[in-house]
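Per the working numbering, residue 12 is the first one in the sequence shown, and the count goes up by one each step.
Positions of the beta carbon are idealized from the N, C-alpha and C atoms, including for glycine.
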Amino acid sequence: MSSMTMHGIGPELDRRLREEAAANGLSLNQTLQKLLSASVGLDKSVIDHRKDYLPFFGVWSEEEAKEFDVSVSEFGRVDPEDWK
Numbered sequence: 012m013s014s015m016t017m018h019g020i021g022p023e024l025d026r027r028l029r030e031e032a033a034a035n036g037l038s039l040n041q042t043l044q045k046l047l048s049a050s051v052g053l054d055k056s057v058i059d060h061r062k063d064y065l066p067f068f069g070v071w072s073e074e075e076a077k078e079f080d081v082s083v084s085e086f087g088r089v090d091p092e093d094w095k
């Protein structure tokens with residue numbers, strides 16, 4: 012296994028990393044390894060669900076997509092009376 016040294020870690024990042032380690036009962040080294048592995052896709056416990064939606068891309072016709080947009084357009088309207 013290799014070792015690495017990081018320089019220039021700001022106080023806020025340092026604090027957050029130490030909090031994360033303490034919250035999970037891990038050492039700072041274990042926490043950094045876990046976070047780095049997850050960020051580059053090596054942690055298999057972090058599941059990327061984006062590919063699960065691939066079968067649904069492009070299945071609507073242009074007309075169906077427009078119909079859907081019209082049917083949900085009301086969701087973008089905010090009625091100020093609802094917030095009184």
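ask   = So Val-57 is in the alpha helix (DSSP H); what residue range does that whole segment cover?
value = Here residue 57 refers to the residue found at position 46 of the sequence shown. Counting along the chain, Val-57 falls outside any alpha helix (DSSP H), and DSSP gives it neither H nor E.
task = Mark Thr-42 as exposed unless 16 or more other C-beta atoms lie within 10 angstroms of its C-beta, in which case mark it buried.
result = For the purposes of this step, residue 42 is taken as residue 31 along the sequence shown, with counting starting at 1. Flag for Thr-42 reads buried.
key: Simplified DSSP state of Arg-26, which is helix, strand or coil   = Taking the sequence shown and counting its residues from 1, one reaches residue 26 at position 15. Reduced to three states, the DSSP call for Arg-26 is helix.
Minimum C-alpha distance to Met-12 - residue among Lys-95, Pro-66, Gln-44 and Glu-74 = Start at 1 with the first residue of the sequence shown, and residue 12 comes out as number 1. Cα-wise, what sits closest to Met-12 is Gln-44.
message = Can you tell me whether Lys-95 is helix, strand or coil according to DSSP?
response = Within the sequence shown, the letter at position 84 stands for residue 95. Secondary structure of Lys-95 (DSSP, three-state): coil.
inquiry  = On a Cα-Cα basis, can you pick out the residue from Leu-46, His-18 and Gly-19 that is closest to Leu-28?
reply    = Your numbering for residue 28 matches position 17 in the sequence shown. Shortest Cα-Cα distance from Leu-28 to any of Leu-46, His-18 and Gly-19 involves Leu-46.
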